[in-house]
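For the first sequence, the UniProt record's numbering gives the first residue as 1, with consecutive numbering after it.
Note that beta-carbon positions come from the ideal geometry of N, C-alpha and C, so glycine has one too.
Beneath this line is the structure, given in structure tokens, with notes to follow.
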Amino acid sequence: MMTMSTEQYFSTELLAWYRLQKRDLPWRQNRDPYRIWVSEIMLQQTRVDTVIPYYLRFMEKFPTVRALAEAPEEEVLKCWEGLGYYSRARNLQAGARTVADLYDGIIPDDTASVSGLKGVGPYTTGAIMSIAFNRPEPAVDGNVMRVLSRYFCLEEDIARPATRVSIEKLAASLIPEGEAGDFNQALMELGALVCTPKSPGCLTCPVMEHCAARIAGRELELPVKTKAKPPRVELRASVIVTGRGEQEGKVLVRQRPDSGLLAGMWELPHILLPDGGKMWFPESERERNSEATEQLARLVDEEAGVLIRPHGIREDADHLFSHIHWKMRIYEADTGKADDAVEPLAAAEAPAPYHVSSPYRWIGKEDMGELPFPNLFLRILNDYWEGKRQR
DNA sequence: AAATCGGGGAC
DNA sequence: GTCCCAGATTT
Numbered sequence: 001m002m003t004m005s006t007e008q009y010f011s012t013e014l015l016a017w018y019r020l021q022k023r024d025l026p027w028r029q030n031r032d033p034y035r036i037w038v039s040e041i042m043l044q045q046t047r048v049d050t051v052i053p054y055y056l057r058f059m060e061k062f063p064t065v066r067a068l069a070e071a072p073e074e075e076v077l078k079c080w081e082g083l084g085y086y087s088r089a090r091n092l093q094a095g096a097r098t099v100a101d102l103y104d105g106i107i108p109d110d111t112a113s114v115s116g117l118k119g120v121g122p123y124t125t126g127a128i129m130s131i132a133f134n135r136p137e138p139a140v141d142g143n144v145m146r147v148l149s150r151y152f153c154l155e156e157d158i159a160r161p162a163t164r165v166s167i168e169k170l171a172a173s174l175i176p177e178g179e180a181g182d183f184n185q186a187l188m189e190l191g192a193l194v195c196t197p198k199s200p201g202c203l204t205c206p207v208m209e210h211c212a213a214r215i216a217g218r219e220l221e222l223p224v225k226t227k228a229k230p231p232r233v234e235l236r237a238s239v240i241v242t243g244r245g246e247q248e249g250k251v252l253v254r255q256r257p258d259s260g261l262l263a264g265m266w267e268l269p270h271i272l273l274p275d276g277g278k279m280w281f282p283e284s285e286r287e288r289n290s291e292a293t294e295q296l297a298r299l300v301d302e303e304a305g306v307l308i309r310p311h312g313i314r315e316d317a318d319h320l321f322s323h324i325h326w327k328m329r330i331y332e333a334d335t336g337k338a339d340d341a342v343e344p345l346a347a348a349e350a351p352a353p354y355h356v357s358s359p360y361r362w363i364g365k366e367d368m369g370e371l372p373f374p375n376l377f378l379r380i381l382n383d384y385w386e387g388k389r390q391r
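Printed below as a string of structure tokens:
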């Protein structure tokens, strides 16, 4: 028998293992490039179990490229609500519109064209080309970098962009003839099910015999990855404004700008406060509260033309992003009326009452289903509608 | 090369 | 608490 290289052994054994062990996932029902595309975008930095319910709802609502291309952006974001990295949804729809307009609604079997779609980077290009079209392109994600770092005992820092490039070349060289789709998925499946970050299951690994890291007893040291910086702390003040009269029982919300953090999503109005030691309770909590509520009142007056009277603290909430840690205090406020005995705060020029410029809206509980909210505000508002008392 | 983009599951 | 997940884009 001909001797087999460790590379040939790896690809052959991995592929055989995958065909026996692969999970039955919704996007593996067929090779429809659109279904593969949507799944790969959703799976970016997101676990399979988290994606599945979103994927099923999304495919039901937007079953084809054209359905997605023709939908209002707000509906797409609403379908993405809670999944995070919302630019993925906006880019995906932009890509769908490109395919609808330029490629007659058919995703082209062409690497350069697929790579040119918004939100489709090196990994997703390889995933779509290999899984949907069986083209021999590498698809290197975190799983693949971990698996190959261990099997070949590579010590390059996988946090460095250059490392992904070099591992792509290695991964491409390992693709068996005519088996790109299954091989790439097999690499990722092994990383997800066996060659896991914490306690890899070397005893059940199909390629353990020739795994360099395991042989060297170094599987727990690899891959090498520099640690991320801790998120910066931001102190924020937000407000639930409850309406009166025309707006009885409604709450004032606003839409975020169409770029940057949580782009296009809806939220409660809030402001960034100066550091102040990043604590809500220095000696002078009262001054801090009055300064925050005054600024909020000024903001809501100027941006929405609504006069408010803050009357208490609803809750404090922490929300963690990858790079920012929001420490937010949520106040409660009423809307002032012209004939009120109590003078509302920020009663400056007294603009037209209840006039709300476009990024602001009064909404009731029944409107929550219309607008996309990030998780923090979704939770706060749902608690509010359920009548939960805070503090 | 580094920062910016969410949220949650596993430990 | 930590790590990191079927990463892409911007600076």
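Give a yes or no on whether the C-beta atoms belonging to residue i and residue j are separated by under 9 Å.
i	j	result
Ala96	Pro33	no
Val194	Ile330	no
Trp266	Arg379	no
Leu92	Ile41	yes
Leu222	Arg150	yes
Glu155	Ala162	no
Glu75	Arg90	no
Glu235	Pro269	Note that residue 235 corresponds to Leu in the displayed sequence, not to Glu. Contact: no.
Phe321	Pro257	no
Asn375	His325	no
Pro310	Thr293	yes
Thr111	Glu137	yes
Contact check, residue i vs residue j under 8 Å by CB: the rounded distance?
i	j	result
Pro372	Leu77	4 Å
Ile308	Val241	5 Å
Arg135	Ala180	6 Å
Arg286	Gln390	The pair is not a contact, with the Cβ atoms about 19 Å apart (cut-off 8 Å).
Gln45	Tyr85	6 Å
Ile158	Lys225	5 Å
Ser39	Tyr55	6 Å
Who are the Cβ neighbours of residue i in its own chain at under 8 Å, not counting the five residues just before and after it?
i	result
Glu7	Ser173, Leu174
Ala16	Pro206
Pro176	Ser11, Thr12, Leu15, Phe183
Thr204	Val194
Tyr103	Ser113
Gln21	Glu189, Leu193
To the nearest angstrom, report how far apart residue i and residue j are at their CA atoms.
i	j	result
Leu14	Leu187	7 Å
Asp182	Trp37	16 Å
Phe9	Val207	This sequence places Tyr at residue 9; Phe is not what is there. Going from the Cα of Tyr9 to the Cα of Val207 covers about 8 Å.
Gly312	Ala333	7 Å
Lys198	Cys153	17 Å
Met4	Arg57	46 Å
Leu261	Val233	15 Å
His323	Pro200	28 Å
Asp27	Pro359	The question names Asp, but residue 27 is Trp in the sequence shown. Cα to Cα, Trp27 sits roughly 37 Å from Pro359.
Thr12	Asn143	18 Å
Gln247	Ala297	18 Å
Met328	Asp24	42 Å
Arg31	Ala71	24 Å
Glu209	Glu168	23 Å
Ala213	Thr196	13 Å
Leu83	Arg47	10 Å
Val120	Met2	41 Å
Arg146	Glu219	10 Å
Tyr18	Pro108	27 Å
Gln295	Ala304	14 Å
Ala237	Leu190	45 Å
Ser290	Gly243	21 Å
Could you pull out every residue in the same chain whose Cβ sits closer than 7 Å to the Cβ of residue i, ignoring the five residues on either side in sequence?
i	result
Ser87	Ala263
Ala139	Tyr123, Gly126, Ala127, Ser130, Asn184
Ala100	Val65, Arg66, Ala69
Lys61	Cys79
Leu148	Leu154, Ile167, Leu170, Ala171
Asp141	Tyr123, Met188
Arg364	This sequence places Gly at residue 364; Arg is not what is there. For Gly364, where only same-chain residues beyond five positions count, the Cβ hits under 7 Å are Gly249, Lys250.
For residue i, list the residues DSSP reports as bridge partners.
i	result
Gln44	Partner(s): none; Gln44 has no beta bridge.
Met328	Arg236, Ala317
Gly243	Glu248
Gly312	Glu332
Glu303	The partner list for Glu303 (beta bridge, DSSP) is empty, contrary to what the question assumes.
Gln255	Trp266
Tyr360	Arg254
Leu371	Per DSSP, none; premise fails for Leu371.
Leu272	Arg236
For residue i, which residues in the same chain have their Cβ closer than 6 Å to its Cβ, ignoring the five residues on either side in sequence?
i	result
Glu81	Pro372
Lys118	Asn91, Ala94, Gly95
Gln255	Trp266, Pro359
Phe377	Glu267, Leu268
Asp316	Arg329
Val51	Met42, Leu43
Less than 8 Å separating the Cβ of residue i from some heavy atom of the ligand GTP?
i	result
Thr124	Ligands displayed in this structure: none; no statement on the ligand GTP is therefore possible.
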